[in-house]
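Residue numbers (the working numbering): 512 to 677.
Just so it is clear, CB atoms sit at the ideal spot from N, CA and C, and this is done for glycine as well.
All of these numbers come straight from a predicted model, not from anything done at the bench.
Here's the structure, in structure tokens; my notes come after.
Structure, rendered in structure tokens:
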């Protein structure tokens, strides 16, 4: 009994140790079946933001949307349904405001999974399909803005696919 309590305490302590991550990383979105997506860690953004299109509100407080997980590509779209968590007016870095749907979504980064309030928006013209905001990052990450991919790189085939090569 005492051994399991010690293991439990050490596991909790390990989960509180911040993981140092770079300003861009590879992540997974297990709740929506996206095993690889290149993300930008953005301490200036409160919530996370995911590129979504064909956003359709459904009865019962749900939303259906599609995701393109690859940068600069319309390949492999995935259609997802989940609960609407909230609606918020978001101010972009250019000062424009827009009301967005917010969903709760798990983000797996560097072996740690965190729950993130994620807004759905068209990020087609942006460099990254997803931003991970500071509310998600405060759950155990420190960002080193001088580094990239500190959690490791995706397999070569995934990186090639992300660049539009097969």
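Environment of residue i [buried if 16+ CB atoms lie within 10 Å]
i	result
residue 512	Residue placement at residue 512 cannot be trusted, given a pLDDT of 49 that sits under 50; what the coordinates show is reported in the next sentence. Result: exposed.
residue 613	buried
residue 604	exposed
residue 531	exposed
residue 569	exposed
residue 553	buried
residue 634	buried
Backbone CA spacing between residue i and residue j [nearest angstrom]
i	j	result
residue 533	residue 650	16 Å
residue 670	residue 639	14 Å
residue 547	residue 673	9 Å
residue 555	residue 644	7 Å
residue 579	residue 562	7 Å
residue 566	residue 641	16 Å
residue 625	residue 619	7 Å
residue 585	residue 598	26 Å
residue 684	residue 610	Any question about residue 684 goes unanswered here, given that the chain covers just 512 to 677.
residue 606	residue 647	23 Å
residue 655	residue 527	18 Å
Simplified DSSP state of residue i, which is helix, strand or coil
i	result
residue 640	coil
residue 674	coil
residue 542	helix
residue 512	Confidence at residue 512 is low in this model, with a pLDDT of 49, below 50, so its placement is unreliable and the value that follows should be read with caution. In the structure shown, residue 512 sits in coil (DSSP, three-state: anything other than H, G, I, E or B).
residue 657	coil
residue 527	helix
Limits of the beta strand (DSSP E) - the one that residue i falls within
i	result
residue 600	597-602
residue 532	530-533
residue 647	Where residue 647 is concerned, there is no enclosing beta strand (DSSP E), although the alpha helix (DSSP H) it sits in stretches over 645-648.
residue 608	608-620
residue 582	From DSSP, residue 582 is part of no beta strand (DSSP E); its letter is neither H nor E.
residue 554	Unbroken run through residue 554: none, as it is neither H nor E.
residue 594	589-594
Nearest neighbour of residue i, chosen from the options [CA to CA]
i	options	result
residue 636	573, 527, 581	581
residue 574	615, 648, 662	615
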